[in-house]
Amino acid sequence: LYKAEGDRRIESQEFTSTIASLNKWRARFRELERDQTAFHERLRQSEDEQESLRSTLQDAQAALQTARREHDVLVGHCSEVENLLKISDECFSQLEKSKNGEISALENRVRVLQNQLESSRRELADSLGLMEKHGMLVDADDEASST
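Numbering follows this note's numbering, with no gaps: position 91 of the sequence shown is 93.
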């Protein structure tokens, strides 16, 4: 009886120990399940963030492509403006040359005309002098009184 009582106590202790060990393992298993659930939640959040970053990256790449196209268009416009400025400079230069050439030609023509006028004045003065010398000139006041 004593031995049976002792065996039961040992069995009872072993059973209690096994139950306690099982409870520890259950608690550890629940802990692991919570950790796994938290891990899956963080993984899902991480995937959401990754998708958001992927979308942001695509938007940034599209904006970069747009900016590159706009840059190319602006470079093209700048090139056109530079060409137009060169053409404008050439036109102004040619206009200046042409104007200077015309002015020089007109100045030369004025000198020639002034020389011709001066020459004609001298000839006229010489002719008037000769006419007066030979009495061919009649004073306008004298002519009016004689009529």
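C-beta atoms are modelled at their ideal positions from N, C-alpha and C, and glycine is treated no differently.
In this structure, the alpha-carbon of Lys135 lies about 34 Å from that of Val112. It is roughly 30 Å from the alpha-carbon of His42 to the alpha-carbon of Ala22.
Straight across, the Cα-Cα distance linking Ser106 with Gln96 is about 15 Å. In this structure, the alpha-carbon of Leu108 lies about 28 Å from that of Ile89. Within its own chain, no residue has a Cβ closer than 7 Å to the Cβ of Asp37 once the five positions on either side in sequence are excluded. Residues of the same chain with a CB within less than 8 Å of the CB of Glu84, apart from the 5 flanking positions on each side, do not exist.
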